[in-house]
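Under mature numbering (1 follows the signal peptide of the UniProt record, and there is no 0), residues -20 to -1, 1 to 231 are what the sequence shown spells out, in order.
We put the beta carbon where it would ideally sit given N, CA and C, even for glycine.
Keep in mind it's a predicted model, so treat the numbers as computed, not measured.
Data first, discussion second: the structure below is written as structure tokens.
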Amino acid sequence: MKKALLTYALISLLSACSSSNDTIERVPEKSPAALFEDAQELLEVGNFSGSVNTLEALSSRYPFGPHANQVQLDLIYAYYKLGQTAQALATADRFIRLNPTHPDNDYVLYMRGLTNLDADDEMLQSLLGIDRSDRDPNLAQQAFEDFSKVLGRYPNSKYAPDARQRMIYIKERLAKHELSVARYYIKRQAYIAAANRGRYIIETFSDSSSTEGALEVMVQAYDKLGLQDLKADAQATLRLNFPDNPLAQNS
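Set out below in structure tokens:
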């Protein structure tokens, strides 16, 4: 599945590069200032496809023009709005690499996080119409790292509060993924692995909604392993926090 999605993404990127050259040629020849103004007007009305065409033409024809950096920042946003994940991430990475001390790098990292997060949310729901917590969390983890960098490097950024809230959402997503893996191990009778995953959830995502499920897994796994002391500890914690859970009762 992962290989198929990667192949799809690569084909989409190659196709986009080919079509991009054609659309650039169709953008009228104008001065840098005029093209930049056209792009801004298109962005303002939500014509992101048209703005990308104009911004790409501007970047290609005048790579060192007076609006060069802003053009790249606008491209990141327009690619994101169009769902063009690979282009948005590549543009963001290139911008930071070429402008390591730019004052808008907090925005670039924030947009990088949004792009990864949206791609994680939409990858399976949009393509297959399903929601699975057991799907690969790589994009969510990358988004978490992006938002962490915003908070770590730019704690006073205007994007910091929203980045912090999105990190809370991502922690829930990652915790659910870990719980789905732990439950899979229970089904496969891999009880040591299941117990370890459950403990990891408790230690790493203690404030998530998956803690009850993690404690259930630990009780079940320790019981199957004959580790009664560890089972009793997990059961006591489950009883303290979730007294109505059936597994919280001594058996």
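Excluding the five sequence neighbours on either side, which residues of its own chain have a C-beta within less than 6 Å of the C-beta of residue i, listed in chain order?
i    : result
L55  : L35 and T71
L97  : A123
L220 : none
G93  : A123, D126 and F127
N225 : L218
Q229 : none
D100 : L119 and A120
Residues in its own chain within less than 7 Å of residue i by CB, not counting five upstream and five downstream?
i      : result
D84    : L53
L159   : I181, S190, G193 and A194
A174   : A162, Y165, I166, V197 and A201
A140   : V130, L131 and Y134
I76    : N85 and V88
P12    : L38, Y42, G45, P46 and H47
R179   : M198
A214   : L195, M198, V199 and Y202
S137   : D86 and V130
S188   : K151, E152 and A155
A143   : Y90, G93, F127, V130 and L131
V7     : N33, T34 and A37
K(-19) : Any reading at K(-19) must be qualified, since the residue scores a pLDDT of 49, below 50, and its modelled position is unreliable; the value itself is stated next. Contacts found: D116.
G26    : none
Apart from the five residues just before and just after residue i, which ones in its own chain have a Cβ nearer than 8 Å to its Cβ?
i    : result
G30  : L22
D203 : K211
S169 : Note that residue 169 is Gln in the sequence shown, not Ser. Excluding sequence neighbours, Q169 sits near K204.
Y60  : A68, M91, L94, T95 and D98
R74  : Q52
S19  : Correcting the residue type first, residue 19 is Ala in the shown sequence and not Ser. So the list reads S31, T34, L35, L38, V51 and D54, once near-sequence residues are dropped.
With respect to the alpha helix (DSSP H) encompassing residue i, which residues constitute its N-terminal and C-terminal limits?
i    : result
K129 : N118 to R133
S39  : F28 to R41
D213 : Q208 to N221
D224 : Neither: D224 is in no alpha helix (DSSP H) and is coded neither H nor E.
V51  : A48 to K61
T71  : T65 to L78
F16  : P12 to E24
Could you confirm whether any beta carbon from chain C is found closer than 7 Å to the beta carbon of residue i?
i    : result
A173 : You won't find chain C in this structure, because it holds only one protein chain.
Checklist entry - Of all the beta strand (DSSP E) runs that stay within the bounds of the region 145 to 204, which reach a length of 3 or more residues? => result Fully enclosed beta strand (DSSP E) runs of 3 or longer: not present.
Next on the checklist: Under 8 Å, with one C-beta from each stretch per pair, do the region 39 to 46 and the region 61 to 68 reach the 3-pair mark?
Outcome noted: As far as the Cβ criterion goes, the region 39 to 46 does not touch the region 61 to 68, which means the pair count is below three.
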